[in-house]
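So the structure is just underneath, and the comments pick up after that.
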Amino acid sequence: MNVSELLKWQWEGYLKYHQSRTNLLIHIVIVPFFLIGNLITIAGILGLSWVFMISGLLLMLLSIILQAKGHGVESNPPEPFTSAANAVARIFLEQWVTFPRFVLTGQWFRAFRQAGQIPGQ
Numbered sequence: 000m001n002v003s004e005l006l007k008w009q010w011e012g013y014l015k016y017h018q019s020r021t022n023l024l025i026h027i028v029i030v031p032f033f034l035i036g037n038l039i040t041i042a043g044i045l046g047l048s049w050v051f052m053i054s055g056l057l058l059m060l061l062s063i064i065l066q067a068k069g070h071g072v073e074s075n076p077p078e079p080f081t082s083a084a085n086a087v088a089r090i091f092l093e094q095w096v097t098f099p100r101f102v103l104t105g106q107w108f109r110a111f112r113q114a115g116q117i118p119g120q
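The sequence shown begins at 0 in numbering that gives the first Met the number 0 and counts up one residue at a time.
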């Protein structure tokens, strides 16, 4: 699957895997930390700073762990990764493209409101 196909696939199924208020709240708070971790890692590489590189990588890892916990409360678990390359591509595309699109198009807010109407959410 190429990048455009992966983005299309992610977008088409995104709402299905993001219906829990808990998961939606985790994502809205934690995704920015993943993005900041990316930038800190790049700054560390460019500045040859091990402290920045490790700090950025740890921030990204923590973000992914917390988002995985959020997905654990969803009624529809995410599709399993098919390879390490698939995992990296899906994670980075979700963080940088699909989730921001979900927020900017109003889908996050609609999903959050809808989740409040579902018992147990």
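By construction, the Cβ of each residue, glycine as well, lies at the ideal position given by its N, Cα and C atoms. Since this is a predicted model, take the numbers as computed values, not measurements.
Comparing C-alpha positions only, which one of the options sits nearest to residue i?
{"i": "residue 145", "options": "43, 4, 17 and 41", "result": "Residue 145 lies beyond the residue range present for the chain, which begins at 0 and ends at 120; the question has no answer from this structure."}
{"i": "residue 127", "options": "6, 21, 80 and 10", "result": "Residue 127 lies beyond the residue range present for the chain, which begins at 0 and ends at 120; the question has no answer from this structure."}
{"i": "residue 43", "options": "30, 57 and 31", "result": "57"}
{"i": "residue 1", "options": "112, 88 and 64", "result": "88"}
Report all residues from its chain with a CB closer than 7 angstroms to the CB of residue i; omit the five preceding and five following residues, and keep chain order.
{"i": "residue 77", "result": "16 and 70"}
{"i": "residue 198", "result": "The structure shown does not extend to residue 198, since the chain spans only 0 to 120, so no value can be given for it."}
If I'm right that residue i touches residue j with Cβ under 8 angstroms, what's the distance once you round it to whole angstroms?
{"i": "residue 33", "j": "residue 62", "result": "4 angstroms"}
{"i": "residue 59", "j": "residue 37", "result": "7 angstroms"}
{"i": "residue 23", "j": "residue 107", "result": "6 angstroms"}
{"i": "residue 5", "j": "residue 92", "result": "6 angstroms"}
{"i": "residue 123", "j": "residue 110", "result": "Residue 123 is absent from the model: the chain starts at 0 and stops at 120."}
{"i": "residue 81", "j": "residue 9", "result": "14 angstroms between Cβ atoms; not a contact."}
Can you list, in chain order, the residues of its chain whose CB lies under 8 angstroms from that of residue i, leaving out five sequence neighbours each side?
{"i": "residue 19", "result": "69, 72, 73, 74, 114 and 120"}
{"i": "residue 25", "result": "65, 66, 68 and 69"}
Within a Cβ cutoff of 6 angstroms, which residues of the same chain sit near residue i, ignoring the five residues on either side of it in sequence?
{"i": "residue 100", "result": "none"}
{"i": "residue 27", "result": "none"}
{"i": "residue 39", "result": "51, 54 and 55"}
For this session: May I have a chain-ordered list of the alpha helix (DSSP H) segments no shorter than 4 residues that lie completely inside the segment 1-50?
Result: Taken in chain order, the whole alpha helix (DSSP H) runs of length 4 or more contained in the segment 1-50 are 2-12 and 20-45.
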